[in-house]
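Report on the following structure.
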Amino acid sequence: MLRSRRRVPHLHLIAKGLSCSCSSSLHHATHLWPNTPQQQQLLKHLVSLLQKHSSSRQATQQVHSHFITSGFLHSHQSTSHILLLVNTLLRCYSLGQFPLEALLLYKNLNCLSFDSFTYTFLLHTCANLHSIFSGLQLHALVVKVGFQSQVYVQTALVYVYAVCGSLHEAMHVFHEMPERNTVTWNVMISGLAKWGHLQLSRSLFDQMPTRTVVSWTAIIDGYTRMNQPVEALSLFRRMVIYEGIKPSEMSLLAIFPAISIMGALKICQSVHAYGEKRGFNTSNIRITNSLIDSYAKCGCIKSASTLFEDTSAQRKNLVSWTSIISSFAMHGMGKEAMESFERMEEVGMKPNRVTFLSLLNACSHGGLVEEGLKFLNKMLNSYQIVPDIKHYGCLIDMLGRAGRLEEAEKMALGIPVEILNVVIWRTLLGACSFHDNVEMGERVTGKILEMEREYGGDYVLMSNIFAGVGMFVDAERLRKLMDKRKIFKVPGHSLV
DNA sequence: ATAGGGTTAG
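Position one of the first sequence corresponds to residue 0 (numbering that gives the first Met the number 0), numbered consecutively onward.
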């Protein structure tokens with residue numbers, strides 16, 4: 000899943016910044032500072048500080064304010080030294096949580112003459128913002144200032160376009176490039192794979208001169224995501240056995256879902272062993288979490304829970320807890336899921352919406368209706384989590400399975416219309432069918448027809464209810480209605 | 001001094 004998009008206000012500021020010569024505050028400078036050795040020292044110090052703490056927002060901001068107050072811009076400091084600091088600042092911002100700061104800094108410093116490093120970092124900012132608009136503006140700027148044939152800049156351009164899903168533009172830049180390196184190829188391949196263009200991605204993968212572990216991981220991840228676990232696993236084997244490339248932690252994370260889809264317990268075990276050998280399992284909690292999930296999905300809840308128990312409390316994060324709860328849920332072990340949840344609360348870990356979804360799912364599958372309702376209450380009141388449509392779907396499924404149809408219907412009717420979907424009514428209709436409640440089945444079918452007139456499956460389900468309780472006349476009438484609307488039953492599939 | 005792949009979900 001893509002990370003949530005952040006909005007970029009005032010993009011015109013960037014373009015504006017180019018046209019005027021200097022930001023107004025600089026005009027107030029009345030004198031130039033002497034080029035003291037202390038200042039030179041300070042510059043170097045700030046750069047190395049940033050390089051050491053490149054992921055710390057606080058450090059970045061402190062260096063930034065030092066930079067502003069130091070008067071470097073009015074000094075006789077060598078501009079290349081200043082630019083190094085500015086570029087490093089831009090890089091830190093672009094990688095951090097507030098990439099917009101990079102664009103603003105750039106805009107405020109338009110009297111500097113920037114280099115290709117600057118534009119590389121700025122483009123990464125756009126990628127992190129998922130802002131195709133600022134990406135396009137920067138592309139234009141890059142052409143204007145003449146850095147359009149620098150490999151790093153072009154690769155960053157391909158990256159921005161690929162991240163934003165503008166694959167035509169990405170391919171265009173890619174094809175125009177006079178020289179490409181491995182990173183360029185990897186960016187293009189993973190961009191295409193990420194957006195589901197597997198064949199194209201694969202053909203580039205096959206074409207590229209040298210494939211690194213990143214290339215392999217990107218294409219494997221593509222196959223996994225596109226639900227082609229066999230190809231994913233066969234590529235993984237080829238990478239390890241024939242190419243002699245060592246899988247990285249990310250390679251393992253990419254292959255786990257494929258293992259899960261296939262339910263390949265043996266492979267899961269050998270990847271587990273490999274991770275153990277490389278020390279991944281103990282250094283990377285994500286690997287452990289994925290392993291727990293995969294073991295459960297391969298049907299081995301024992302291994303999942305053993306692995307969970309063997310992981311120290313220190314290392315367990317929210318995902319670890321959520322994973323074990325969802326593991327128990329998929330094995331119908333409601334009690335165990337509840338116990339895990341309670342233990343989680345005891346150690347002070349705060350559940351999120353996914354945790355509650357897994358927990359409610361466990362209650363639903365384990366037939367723990369009262370408990371499920373209690374947890375819903377807890378979610379609302381103790382944690383102030385607003386249920387989304389999946390929570391509702393789970394709860395209605397839970398009530399419906401238990402035959403508490405009136406409560407289920409009441410809950411369905413209380414779902415905000417903005418999030419209500421037809422899956423909810425289908426879930427309830429399934430319960431009506433199971434419990435032979437014709438009256439409610441009719442009402443619910445009406446709701447479904449309102450929302451989706453073209454889909455035939457529900458007519459059939461409804462007519463099965465009628466037929467099932469001996470109302471052949473009505474069943475006949477419904478089928479005729481279907482014929483009239485030229486509806487035919489399509490093979491069932493879940494939309495959830 | 002630069003860039004690429006990442007865990008949980010009815």
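Beta carbons: idealized from backbone N, C-alpha and C, even for Gly.
Report all residues from its chain with a CB closer than 7 Å to the CB of residue i; omit the five preceding and five following residues, and keep chain order.
{"i": "residue 446", "result": "424"}
{"i": "residue 318", "result": "288"}
{"i": "residue 101", "result": "89, 92, 93, 120, 121, 124"}
{"i": "residue 427", "result": "395, 399, 407, 408, 411, 443"}
{"i": "residue 48", "result": "58, 62"}
{"i": "residue 37", "result": "none"}
{"i": "residue 201", "result": "218"}
{"i": "residue 348", "result": "317, 320"}
Check this for me: beta carbons of residue i and residue j, under 8 Å apart or not?
{"i": "residue 62", "j": "residue 45", "result": "yes"}
{"i": "residue 392", "j": "residue 365", "result": "no"}
{"i": "residue 87", "j": "residue 50", "result": "yes"}
{"i": "residue 401", "j": "residue 361", "result": "no"}
{"i": "residue 169", "j": "residue 161", "result": "yes"}
{"i": "residue 354", "j": "residue 324", "result": "yes"}
{"i": "residue 84", "j": "residue 42", "result": "yes"}
{"i": "residue 232", "j": "residue 285", "result": "no"}
{"i": "residue 157", "j": "residue 183", "result": "yes"}
{"i": "residue 312", "j": "residue 270", "result": "no"}
{"i": "residue 291", "j": "residue 330", "result": "no"}
{"i": "residue 136", "j": "residue 115", "result": "no"}
{"i": "residue 293", "j": "residue 267", "result": "yes"}
Once DSSP output is grouped into helix, strand and coil, what is the label at residue i?
{"i": "residue 74", "result": "strand"}
{"i": "residue 194", "result": "coil"}
{"i": "residue 438", "result": "helix"}
{"i": "residue 270", "result": "helix"}
{"i": "residue 387", "result": "coil"}
{"i": "residue 349", "result": "coil"}
{"i": "residue 543", "result": "Past the boundaries of the shown model lies residue 543; the chain is included only from 0 to 495, so the question cannot be answered."}
{"i": "residue 96", "result": "coil"}
{"i": "residue 417", "result": "coil"}
{"i": "residue 43", "result": "helix"}
{"i": "residue 449", "result": "helix"}
{"i": "residue 245", "result": "coil"}
{"i": "residue 69", "result": "helix"}
{"i": "residue 53", "result": "coil"}
{"i": "residue 402", "result": "coil"}
{"i": "residue 35", "result": "coil"}
{"i": "residue 381", "result": "coil"}
{"i": "residue 263", "result": "coil"}
{"i": "residue 365", "result": "helix"}
{"i": "residue 278", "result": "coil"}
{"i": "residue 86", "result": "helix"}
For residue i and residue j, what's the separation of their Cα atoms in angstroms?
{"i": "residue 298", "j": "residue 306", "result": "14 Å"}
{"i": "residue 398", "j": "residue 406", "result": "7 Å"}
{"i": "residue 96", "j": "residue 127", "result": "9 Å"}
{"i": "residue 226", "j": "residue 260", "result": "8 Å"}
{"i": "residue 209", "j": "residue 159", "result": "23 Å"}
{"i": "residue 56", "j": "residue 67", "result": "16 Å"}
{"i": "residue 213", "j": "residue 248", "result": "11 Å"}
{"i": "residue 322", "j": "residue 207", "result": "37 Å"}
{"i": "residue 58", "j": "residue 117", "result": "20 Å"}
{"i": "residue 250", "j": "residue 172", "result": "28 Å"}
{"i": "residue 217", "j": "residue 245", "result": "14 Å"}
{"i": "residue 256", "j": "residue 193", "result": "15 Å"}
{"i": "residue 129", "j": "residue 433", "result": "46 Å"}
{"i": "residue 438", "j": "residue 370", "result": "28 Å"}
{"i": "residue 419", "j": "residue 386", "result": "12 Å"}
{"i": "residue 431", "j": "residue 359", "result": "21 Å"}
{"i": "residue 54", "j": "residue 435", "result": "60 Å"}
{"i": "residue 107", "j": "residue 71", "result": "14 Å"}
{"i": "residue 77", "j": "residue 40", "result": "13 Å"}
{"i": "residue 496", "j": "residue 35", "result": "Residue 496 falls outside the range modelled here, since the chain spans only 0 to 495, and no answer is possible."}
{"i": "residue 20", "j": "residue 131", "result": "Because residue 20 sits at a pLDDT of 35, beneath the cut-off of 50, its placement in the model cannot be relied upon, and the point is left open."}
{"i": "residue 204", "j": "residue 279", "result": "27 Å"}
Taking 7 Å as the cut-off, is the CB of residue i close to at least one heavy atom of the ligand ZN?
{"i": "residue 67", "result": "No copy of the ligand ZN appears in this structure; indeed no ligand is present at all."}
CB-CB under 8 Å to residue i, same chain, minus the five flanking residues each way: which ones, in chain order?
{"i": "residue 410", "result": "391, 394, 395, 398"}
{"i": "residue 219", "result": "231, 234, 235, 238, 250, 253, 254, 257"}
{"i": "residue 166", "result": "160, 190, 191, 194, 196"}
{"i": "residue 539", "result": "Shown here, the chain extends from 0 to 495; a query on residue 539 therefore has no answer."}
{"i": "residue 262", "result": "296, 297, 298"}
{"i": "residue 65", "result": "41, 45"}
Ignore the nearest five residues each way along the sequence and tell me which others in residue i's own chain have a CB closer than 6 Å to its CB.
{"i": "residue 147", "result": "141"}
Could you tell me which uninterrupted beta strand (DSSP E) segments, each at least 3 residues in length, are contained entirely in the stretch 107-187, listed from first to last along the chain?
none
Sequence ranges, alpha helix (DSSP H) only - wholly within the stretch 193-243, length at least 4:
197-206, 212-224, 228-236
Any chance you could list the alpha helix (DSSP H) runs of at least 4 consecutive residues sitting entirely within the stretch 286-358, in chain order?
300-309, 317-329, 333-345
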